[in-house]
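Encoded as structure tokens, the structure appears first; notes follow it.
Number of protein chains: 2
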Amino acid sequence: MDKNSIIYGKNTIFETLLSDKRQINKIFISKSVNTDGKIQEIIDLARIKGIVFQFVPKEKLAKYSEFPHQGIIAQVSPVKYTNFEEFLTTGSEHKKLIILDGVEDPHNVGSIIRTAVCAGYDGIIIPSRRNAQINATVEKSSAGAVNHIAIIQVNSLSNTIEKLKKHNYWIIATDAKGKDNYFDIDYCNMSFALIMGGEETGVSKNNLNKSDFIVKIPMLRNFNSLNVSNAASVIIYESVRQWLQSSNDSV
Amino acid sequence: MDKNSIIYGKNTIFETLLSDKRQINKIFISKSVNTDGKIQEIIDLARIKGIVFQFVPKEKLAKYSEFPHQGIIAQVSPVKYTNFEEFLTTGSEHKKLIILDGVEDPHNVGSIIRTAVCAGYDGIIIPSRRNAQINATVEKSSAGAVNHIAIIQVNSLSNTIEKLKKHNYWIIATDAKGKDNYFDIDYCNMSFALIMGGEETGVSKNNLNKSDFIVKIPMLRNFNSLNVSNAASVIIYESVRQWLQSSNDSV
Chain A
211 MDKNSIIYGK NTIFETLLSD KRQINKIFIS KSVNTDGKIQ EIIDLARIKG IVFQFVPKEK
271 LAKYSEFPHQ GIIAQVSPVK YTNFEEFLTT GSEHKKLIIL DGVEDPHNVG SIIRTAVCAG
331 YDGIIIPSRR NAQINATVEK SSAGAVNHIA IIQVNSLSNT IEKLKKHNYW IIATDAKGKD
391 NYFDIDYCNM SFALIMGGEE TGVSKNNLNK SDFIVKIPML RNFNSLNVSN AASVIIYESV
451 RQWLQSSNDS V
Chain B
211 MDKNSIIYGK NTIFETLLSD KRQINKIFIS KSVNTDGKIQ EIIDLARIKG IVFQFVPKEK
271 LAKYSEFPHQ GIIAQVSPVK YTNFEEFLTT GSEHKKLIIL DGVEDPHNVG SIIRTAVCAG
331 YDGIIIPSRR NAQINATVEK SSAGAVNHIA IIQVNSLSNT IEKLKKHNYW IIATDAKGKD
391 NYFDIDYCNM SFALIMGGEE TGVSKNNLNK SDFIVKIPML RNFNSLNVSN AASVIIYESV
451 RQWLQSSNDS V
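Here the protein sequences line up with chains A and B, keeping their order.
Per our numbering, residue 211 is the first one in the first sequence, and the count goes up by one each step.
Per our numbering, residue 211 is the first one in the second sequence, and the count goes up by one each step.
Quick look at the structure:
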């Protein structure tokens, strides 16, 4: 099996099965794995959906030892990207996007996608260069969330941001030198895109210049910064808090 | 070198040097690494502090290839734990703690410590069993933050929680079935401990029963949950937001 066409781990495979978004060719389960709980749910779901699964000696999965696969691997079709133009012109009135600008660690990309899904965001924009692409590690770190949100791959973030602005999106970049605290922005009743920068480099200067707001996360100790996936979850859930609390206030 | 007595990665070693909390025996820098930027800052700081560093052929670091060490490794004394009784009776009036209850992934433990440091929390309580302990991976994921906060190792979480309650701490546990949203709790003007549960198991029933509040993070899509380090950062920074906004209101 091509390592680019696999997914691994119990939750990832379970969520991918549930989503019906991918063609799953075959599921391989190690004979030495305990088939209680989640593995049994996967087997039941595969039976219902008519997907082939096979118990294999654990040696057969040894070549995937670089992945913490928990004794289960599936061969799948690639993740489906959403067309950007189509995304812009369909769906709800107020859309919420994450833009990744140079996030290199696939674990971070995966957790950001997972958080965005939990928070009801509409899409993730990933540049085709200088950013981790969707791979087996991203899918695992997202716990299968890549199948529950629009993933949009673009060649130029600069052009993408211009286009978003023409479609009345507010652009919010994050930077340690930002003027406002992230919680001083009103995230309600608008479409917006939140730009998260790379682990070492942050949001690029060019993209900072194009942004409507540059927000920071306050540091209460003299210490560098949050991990980028944690920073993303802090801001994403501040927007959720505002939506839920403002809708309560208006009742 | 014993793999339990090393730390690795540029930011981790830089922050550890800065903190003055650990005895650093020697720093090994791969000859093939680019000594611009952070590596140069490490060399300068090591010179000032009289710490030995040595350029070595990259083969010498090959046995640490399991770690993404970025060409730099240091041999250090173990992390210093803080005595629980001492922690309880010293320091500021209102203290904020994180309790880890079965968090197994060292990357998650490291990022939670990093977030707690950024947010000005006072300590992290780690049970000596059924939880990842401080190791090289935790230190790297914390970006050196383990040296900037009290790390308290305890044998029994149950006894620890009882003791915290006697010292007027509020105990806040997180659980998907929690009654309140995490932002409906008032985190101001009190000492509290926030319990984060393991990736698969959550906070144990016994500890949930002992808690004053059980809070949830609302899910806006039908999807399982956040990664535990992201969940921690969402709640930790909600407390920061409340402190900063309430102190602004009272000016």
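Every residue, glycine too, gets a C-beta built ideally from N, C-alpha and C.
Can you look up residue i in the DSSP assignment and give me helix, strand or coil?
i: Gly333/B; result: strand
i: Leu430/B; result: coil
i: Thr222/A; result: helix
i: Gly320/B; result: helix
i: Asp459/B; result: helix
i: Ala353/A; result: coil
i: Tyr392/B; result: helix
i: Thr300/B; result: coil
i: Ile379/A; result: Correcting the residue identity first, residue 379/A is Tyr in this sequence and not Ile. Looking at Tyr379/A - three-state DSSP - the assignment turns out to be strand.
i: Thr411/B; result: coil
i: Lys306/A; result: strand
i: Gln452/A; result: helix
i: Lys236/A; result: strand
i: Asp212/A; result: coil
i: Gln250/B; result: helix
i: Ala360/B; result: strand
i: Ser229/A; result: helix
i: Phe294/B; result: helix
i: Ala403/A; result: strand
i: Ile441/A; result: According to the sequence displayed, residue 441/A carries Ala and not Ile. Ala441/A: helix per DSSP, three-state reduction.
i: Val289/A; result: coil
i: Thr245/B; result: coil
i: Val425/A; result: strand
i: Ala386/B; result: coil
i: Ala284/A; result: strand
i: Ile344/A; result: coil
Can you tell me whether residue i is buried or exposed, with buried defined as 16 or more other CB within 10 angstroms of its CB?
i: Thr370/A; result: buried
i: Ala355/A; result: buried
i: Leu430/A; result: exposed
i: Arg232/B; result: buried
i: Glu448/B; result: buried
i: Thr300/A; result: exposed
i: Phe358/B; result: Checking the sequence, you will find His at residue 358/B rather than Phe. When all chains shown are included, His358/B counts as buried.
i: Pro267/A; result: exposed
i: Glu295/A; result: exposed
i: Val425/B; result: buried
i: Lys220/B; result: buried
i: Glu349/A; result: buried
i: Ser240/B; result: buried
i: Arg339/A; result: exposed
i: Asn462/A; result: Given a span of 211 to 461 for chain A in the structure shown, any question on residue 462/A remains unanswerable.
i: Ala272/B; result: exposed
i: Gly247/A; result: exposed
i: Asn440/A; result: buried
Can you pull the chain A neighbours of residue i, defined as C-beta to C-beta under 7 Å?
i: Gly330/B; result: Leu430 and Arg431
i: Asn440/B; result: Ser321, Thr325, Ser439, Asn440 and Ser443
Just to make sure I have the definition right: I need the residues of chain C whose C-beta is within less than 8 Å of the C-beta of residue i. Which are they?
i: Ile427/A; result: The displayed structure is made up of protein chains A and B, and chain C is not among them.
Residue i touches chain B at which residues, Cβ-Cβ below 7 Å?
i: Thr292/A; result: Simply none; closest approach about 16 Å.
i: Val444/A; result: Ser443, Val444 and Tyr447
Going along chain B in order, which residues have a C-beta closer than 8 Å to the C-beta of residue i?
i: Thr245/A; result: By Cβ distance, chain B contributes nothing, its closest Cβ being about 16 Å from Thr245/A, past 8 Å.
Would you mind telling me which residues of chain B sit closer than 9 Å to residue i, beta carbon to beta carbon, in chain order?
i: Leu454/A; result: Asn391, Phe393, Pro428 and Leu430
Under 9 Å between beta-carbons, which chain A residues line up against residue i? List them in chain order, please.
i: Ser435/B; result: Arg324, Cys328 and Ala353
Would you mind telling me which residues of chain A sit closer than 8 Å to residue i, beta carbon to beta carbon, in chain order?
i: Val450/B; result: Pro428 and Leu430
At a CB distance below 9 Å, what residues from the region 254-276 of chain A approach chain B? Give them in sequence order. none
Along the region 340-372 of chain B, where does the CB come closer than 7 Å to a CB of chain A? Name the residues. For the region 340-372 of chain B, the residues whose beta carbon sits under 7 Å from a beta carbon of chain A are, in order, Ala353, Ala355 and His358.
State whether the region 449-460 of chain A contacts the region 407-414 of chain A, with contact taken as three or more CB pairs (one from each stretch) at a distance under 8 Å. no
Determine which residues of the region 213-233 of chain A have a Cβ less than 8 Å from any Cβ of chain B, and write them out in chain order. Residues Asn221 and Glu225.
Does the pairing of the region 214-234 of chain B with the region 342-361 of chain B give three or more beta-carbon distances under 8 Å? yes
Touching by the beta-carbon criterion (3+ pairs, under 8 Å), the region 263-280 of chain A and the region 307-319 of chain A: no
Would you check if the region 317-331 of chain A and the region 253-262 of chain A touch, i.e. whether three or more CB-CB distances between them fall below 8 Å? Pairwise C-beta distances place the region 253-262 of chain A out of contact with the region 317-331 of chain A, as fewer than three of them are shorter than 8 Å.
Quick check: the region 342-350 of chain A against the region 310-321 of chain A, are at least 3 beta-carbon pairs closer than 8 Å? yes
Using 8 Å as the threshold, is the region 391-406 of chain B in touch with the region 438-452 of chain B, meaning 3 or more CB pairs across them? yes
Quick test of the definition: if touching needs 3 or more C-beta pairs under 8 Å, does the region 439-448 of chain B touch the region 281-290 of chain A? Note that the region 439-448 of chain B does not touch the region 281-290 of chain A; fewer than 3 beta-carbon pairs, one per stretch, sit closer than 8 Å.
Given 8 Å as the limit, is there contact between the region 378-392 of chain A and the region 246-257 of chain A, that is, 3 or more CB pairs closer than that? no
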